[in-house]
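Engineer: Dropping a structure here in structure tokens format, bear with me for questions.
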Amino acid sequence: MSIVKEVLLIENQYFPCITYINTLFKYSNIIIEQYESYQKMSFRNRCELVGSNGLFNLSVPLEHGRNQRQLMKEVKISYQTNWQTQHLRTLESCYSRSPFFEFYRDGVWELINKREDFLLDKNLAILNWLQKTLKIQGDISLSTDFHHEIPLDMVDFRGRFLPKNSRSHKPSLKYTQVFEDRIGFVPNLSILDLLFCEGPNASKMLKNNILTI
Numbered sequence: 538m539s540i541v542k543e544v545l546l547i548e549n550q551y552f553p554c555i556t557y558i559n560t561l562f563k564y565s566n567i568i569i570e571q572y573e574s575y576q577k578m579s580f581r582n583r584c585e586l587v588g589s590n591g592l593f594n595l596s597v598p599l600e601h602g603r604n605q606r607q608l609m610k611e612v613k614i615s616y617q618t619n620w621q622t623q624h625l626r627t628l629e630s631c632y633s634r635s636p637f638f639e640f641y642r643d644g645v646w647e648l649i650n651k652r653e654d655f656l657l658d659k660n661l662a663i664l665n666w667l668q669k670t671l672k673i674q675g676d677i678s679l680s681t682d683f684h685h686e687i688p689l690d691m692v693d694f695r696g697r698f699l700p701k702n703s704r705s706h707k708p709s710l711k712y713t714q715v716f717e718d719r720i721g722f723v724p725n726l727s728i729l730d731l732l733f734c735e736g737p738n739a740s741k742m743l744k745n746n747i748l749t750i
């Protein structure tokens with residue numbers, strides 16, 4: 538008798554990549570890992586977008602920098618620089634001409650501007666907003682401890698979606714991007730790119746897209 542894997546264990550991301558969000562549509566129960574050690578070189582505190590000159594990152598600065606050895610739930614956001622204004626200005630510059638930028642702008646602005654002490658809380662607020670906006674049906678909860686052994690009904694995707702492999706996950710959704718005529722199509726960017734370009738249709742696209750990862 539085969540085991541139906543209905544539970545997804547995955548890390549917390551800042552405005553996650555499209556394939557991350559696409560994966561959430563496939564599971565009825567989603568557990569966000571909060572007891573892992575913070576992992577640098579990941580999407581936990583940054584997202585990838587595209588402008589007129591190509592790829593760029595929006596990064597949330599952290600207290601003690603990226604080299605800290607804290608648990609994810611203990612990682613604090615640094616407000617020594619005005620990074621929130623920089624994120625907003627960059628998004629305005631790159632996406633003001635996109636079809637649905639004004640449709641989502643206020644919601645995104647509120648998420649970025651809200652002063653959360655912890656990175657986990659910032660990312661969870663974003664994920665909750667995305668769940669409502671994209672109509673993700675799965676139940677989302679936090680891990681109660683660190684999973685060293687994975688139950689048979691659970692899929693472990695912690696660390697699956699990283700900047701170093703973000704272009705390798707197939708198949709990727711295809712849609713018209715703002716600067717596609719200048720730099721070509723760039724797959725698997727932050728979910729913000731898909732929302733600004735496709736609007737409410739993004740939910741249907743994600744739900745119907747077949748993943749092979």
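The working numbering puts the first residue of the sequence shown at 538, with every later residue one more than the last.
Backbone N, C-alpha and C fix where the C-beta goes; we use that ideal spot for every residue, glycine too.
1. Got a sec, what are the start and stop residues for the alpha helix (DSSP H) Val-645 sits in?
2. Is it the case that the region 648-659 contacts the region 606-623, given that we only count it when at least three CB pairs across the two stretches are under 8 angstroms?
3. I'd like the list of long-range same chain contacts for Ile-720, defined as Cβ closer than 6 angstroms, with 5 residues on each side in sequence excluded.
4. Between the Cα of Ser-579 and those of Met-609, Val-645, Tyr-564, spot the shortest distance and give me the residue it belongs to.
5. Can you tell me where the beta strand (DSSP E) with Cys-584 in it begins and where it stops?
6. Classify Pro-598 as buried or exposed, calling it buried when 16 or more other Cβ atoms lie within 10 Å of its own Cβ.
7. Quick one: what's got a C-beta closer than 6 angstroms to Lys-744's C-beta in the same chain, skipping five residues either side?
8. When the Cα atoms are used, what is the spatial distance from Leu-545 to Val-587?
9. Let me know if His-685 comes out buried or exposed under the rule of 16 or more other beta-carbons within 10 Å of its beta-carbon.
10. What residue range does the alpha helix (DSSP H) around Ile-728 cover?
11. Distance, Cα to Cα, Asn-566 vs Ile-673?
12. Is it a yes or a no for the region 731-739 touching the region 621-641, going by three-plus beta-carbon pairs under 8 angstroms?
13. Rounded to whole angstroms, what's the CA-CA distance from Ser-633 to Arg-626? Just pull it up for me.
14. Would you call Thr-556 buried or exposed, if buried means 16 or more other Cβ atoms sit within 10 Å of its Cβ?
15. Please work out which residues of its chain come closer than 7 angstroms, Cβ to Cβ, to Asn-559, disregarding the five sequence neighbours upstream and downstream, and give them in chain order.
16. If distances are taken between C-alpha atoms only, which option among Gln-668, Phe-698, Asn-582, Val-715 comes closest to Ser-740?
17. With respect to the alpha helix (DSSP H) encompassing Gly-658, which residues constitute its N-terminal and C-terminal limits?
18. Would Ser-596 and Asn-582 qualify as a contact pair, given that the criterion is a beta-carbon distance under 8 angstroms?
19. Is the beta carbon of Val-715 sitting closer than 8 angstroms to the one on Cys-631?
20. Given Leu-671, which residues of its chain have a CB within under 6 angstroms of its CB, disregarding the five upstream and five downstream residues?
Structural biologist: This is what the structure gives:
1. 638-650
2. The way I'd put it, the region 606-623 does touch the region 648-659; three or more beta-carbon pairs between them come closer than 8 angstroms.
3. Gly-591
4. Met-609
5. Cys-584 -> beta strand (DSSP E) spans 583-588.
6. With fewer than 16 other Cβ atoms within 10 Å, it is exposed.
7. Phe-562
8. 29 angstroms
9. exposed
10. Counting along the chain, the alpha helix (DSSP H) containing Ile-728 begins and ends at 728-735.
11. 11 angstroms
12. yes
13. 10 angstroms
14. Buried is the call here.
15. Once the five neighbours on either side are set aside, the close Cβ partners of Asn-559 are Leu-743, Asn-746, Leu-748.
16. Per the Cα distances, Gln-668.
17. The sequence given here places Asp at residue 658; Gly does not occur at that position. That run of the alpha helix (DSSP H) goes 656-671.
18. yes
19. Contact flag set, yes.
20. Ser-740
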